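So for the sequence shown, the numbering used here puts the first residue at 290; every next one is plus one.
Note that beta-carbon positions come from the ideal geometry of N, C-alpha and C, so glycine has one too.
Given the structure is predicted, the values throughout are model-derived calculations rather than measurements.
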Amino acid sequence: MLLTIAQIVLLIVALVIIARLIFFLQKQQQKKRLVKKEPVLCVDLESSLEVGRHDDLSQPPFAEDDLLTNEGNDFDDIGEVRVVSRTIEIVDKIPAAEKEPIVFARKNHGPKTTAPVEQITSSPKKVQETNLPREIISLTILAKKGQLYAGYDLLQVLLAAGFRYGDMSIFHRHENLDGTGEVLFSLAQAVQPGTFDLNDVGAFSCPGLIVFMEVNGHDDPLNVLNTMIDTAKLLVEDLGGDIYDDERKPLTAGSLARLRSRVLIQMRRKANI
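And the structure:
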């Protein structure tokens with residue numbers, strides 16, 4: 290399956306957003322360690338996610354091999370888009386041998402709701418801190434060409450998949466489906482600024498999503514990765530679209546094996562500290 294230029298551009302933007310979100314999170318954690326304050330929800334990211342700002346990261350969240358360039362990209366290929374309501378569009382199946390058991394039950398989406406923000410927010414437990422450099426693994430979900438993920442339908446699907454709105458104004462998947470426990474992985478939109486505004490969810494739409502996890506912040510990161518992969522598959526089943534790996538290629542058995550290998554390498558390094 291060939292990527293369109295528009296999809297390539299979205300994947301590049303998605304990785305830039307992840308880098309900025311992780312850098313912001315790292316700065317917040319450093320401040321918390323200095324002043325010993327509790328985590329604060331819904332941090333304003335406007336100053337930290339300015340378009341075109343280039344931060345000097347001493348520990349970039351991506352290895353050099355993971356960085357993408359924008360050579361040959363052209364926005365002229367981005368045509369007219371239309372907002373679509375939730376439909377079931379099953380993408381090409383990952384081979385059965387690669388599938389992991391789903392760790393949570395599917396839920397009925399129910400009717401559209403305008404529930405108060407506090408009912409769908411969470412109080413994240415801090416991710417474990419280690420002396421290892423940050424290792425981020427991400428997946429990108431792109432809507433079909435010419436389509437967008439619409440606000441209310443997207444919100445219902447995210448809540449049904451166990452996500453809760455919280456820190457950094459993005460969604461997080463916790464250990465427990467009620468939004469408690471350690472944050473396993475997070476979800477942002479694939480275009481700037483990456484955040485979500487629940488006060489205007491009815492007018493919100495986006496062409497793609499990114500889910501990402503920090504490998505070295507968990508006791509069992511391999512299980513977290515498997516859960517993140519399964520969750521991405523569920524989102525695609527409900528929203529439609531396709532899943533791409535961190536090399537902007539369609540998710541395959543080979544790319545799944547490569548991602549799991551990255552996690553295993555980090556687990557060995559952590560065990561040797």
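Going by Cα to Cα distance, which pick from G440, L528 and K434 is closest to G491? Taking the sequence shown and counting its residues from 1, one reaches residue 491 at position 202. The shortest C-alpha separation from G491 is found at G440.
Pairwise C-alpha distance: A303 and L428: Within the sequence shown, numbered from 1, the residue matching residue 428 stands at position 139. Within the sequence shown, numbered from 1, the residue matching residue 303 stands at position 14. Looking at the two C-alpha atoms, the distance is approximately 9 angstroms.
7 angstroms Cβ cutoff met for V500 and A479: Taking the first residue of the sequence shown as 1, we reach residue 500 at position 211. Taking the first residue of the sequence shown as 1, we reach residue 479 at position 190. Cβ distance not < 7 angstroms, so V500 and A479 don't count as in contact.
Can you give the beta carbon distance from L473 to L498, rounded, assuming they're within the 8 angstroms contact cut? Your numbering for residue 473 matches position 184 in the sequence shown. Your numbering for residue 498 matches position 209 in the sequence shown. With a Cβ gap of about 16 angstroms, L473 and L498 do not count as contacting.
According to DSSP, is T516 part of a helix, a strand, or is it coil? As a working mapping, residue 516 is identified with position 227 in the sequence shown. T516: helix per DSSP, three-state reduction.
In angstroms with no decimal places, state the Cα-to-Cα distance between N512 and H461. If you number the sequence shown from 1, residue 512 lands on position 223. If you number the sequence shown from 1, residue 461 lands on position 172. Taking the straight line from one Cα to the other gives about 16 angstroms.
How far does the alpha helix (DSSP H) with Q555 in it extend, from its first residue to its last? In the sequence shown, the residue the question calls residue 555 occupies position 266. Q555 -> alpha helix (DSSP H) spans A542 to A560.
D508: first and last residue of the uninterrupted beta strand (DSSP E) it sits in: The count along the sequence shown starts at 1 and reaches residue 508 at position 219. Note, D508: premise wrong, no beta strand (DSSP E); not H, not E.
Nearest to L437 (by Cα), restricted to the options G483, K559, A449 and L528: The residue labelled residue 437 in the question sits at position 148 within the sequence shown. Just measuring C-alpha positions, the residue of G483, K559, A449 and L528 sitting nearest L437 is L528.
For I532, which beta-bridge partners are listed by DSSP? Counted from its first residue, the sequence shown places residue 532 at position 243. The bridge partners DSSP lists for I532 are I430.
Quick check on Q481: does DSSP put it in helix, strand or coil? Counting from 1 along the sequence shown, the entry for residue 481 is found at position 192. Three-state result, Q481: coil.
Do I459 and I311 count as a contact pair if the criterion is CB distance below 7 angstroms? Locating residue 311 in the sequence shown gives position 22, counting from the first residue. Locating residue 459 in the sequence shown gives position 170, counting from the first residue. When the beta-carbon positions are compared, I311 and I459 stay at least 7 angstroms from each other.
Going by C-alpha distance, which of M457, R423 and L523 is nearest L487? On the sequence shown, residue 487 is found 198 positions in, with the first residue counted as 1. For the residues M457, R423 and L523, the minimum Cα distance to L487 belongs to M457.
Based on DSSP bridge pairs, tell me the residues matched to S475. Taking the first residue of the sequence shown as position 1, residue 475 is located at position 186. Beta-bridge pairing links S475 to H461 and F501.
Mind checking whether R453 and G435 have CB atoms under 7 angstroms apart? The residue you call residue 453 lines up with position 164 of the sequence shown. The residue you call residue 435 lines up with position 146 of the sequence shown. Not a contact, by the Cβ cut-off of 7 angstroms.
With T450 as the anchor, note down where its beta strand (DSSP E) starts and where it stops. Your numbering for residue 450 matches position 161 in the sequence shown. Per the sequence shown, residue 450 should be read as Ala rather than Thr. Taken as a continuous stretch (DSSP letters only), A450 belongs to no beta strand (DSSP E), as it is neither H nor E.
Could you compute how far the alpha carbon of T484 sits from the alpha carbon of L431? Position 195 of the sequence shown, counting from 1, holds the residue named residue 484. Position 142 of the sequence shown, counting from 1, holds the residue named residue 431. Computed Cα separation, rounded: 16 angstroms.
Can you tell me which of the three DSSP states L466 falls into? Counting from one through the sequence shown, the residue named residue 466 turns up at place 177. L466: coil per DSSP, three-state reduction.
Just to confirm the assignment, what range does the beta strand (DSSP E) spanning L437 have? For the purposes of this step, residue 437 is identified with residue 148 of the sequence shown, where counting begins at 1. Note, L437: beta strand (DSSP E), Q436 to A439.
Would the beta-carbon of L299 fall within 7 angstroms of that of P496? Stepping through the sequence shown from its first residue, residue 299 is reached at position 10. Stepping through the sequence shown from its first residue, residue 496 is reached at position 207. Yes, the pair counts as a contact, with Cβ atoms nearer than the cut-off.
Thinking just about the alpha-carbon of each residue, which of P539, G530, M502 and S544 is nearest to the one in R423? By 1-based counting over the sequence shown, the position of residue 423 is 134. When only C-alpha atoms are compared, the closest one is M502.
Quick check: what's the CA-CA separation for P510 versus A449? In the sequence shown, the residue the question calls residue 510 occupies position 221. In the sequence shown, the residue the question calls residue 449 occupies position 160. Cα-Cα distance, rounded: 23 angstroms.
Can you name the residues that DSSP bridges to I425? As a working note, residue 425 is residue 136 in the sequence shown. Per DSSP, E503.
Cβ shell of G451 (< 8 angstroms), same chain only, five flanking positions each side left out: Counting from 1 along the sequence shown, the entry for residue 451 is found at position 162. Here the set comprises F393, R462, H463, L466 and T520.
Best match in M556, L444, N561 and G543 for proximity to D489 [C-alpha to C-alpha]: Walking along the sequence shown from the start, residue 489 turns up at place 200. It is L444.
Straight-line CA distance for R557 to R547? Within the sequence shown, residue 557 is the residue found at index 268, counting from 1. Within the sequence shown, residue 547 is the residue found at index 258, counting from 1. Cα-Cα distance, rounded: 16 angstroms.
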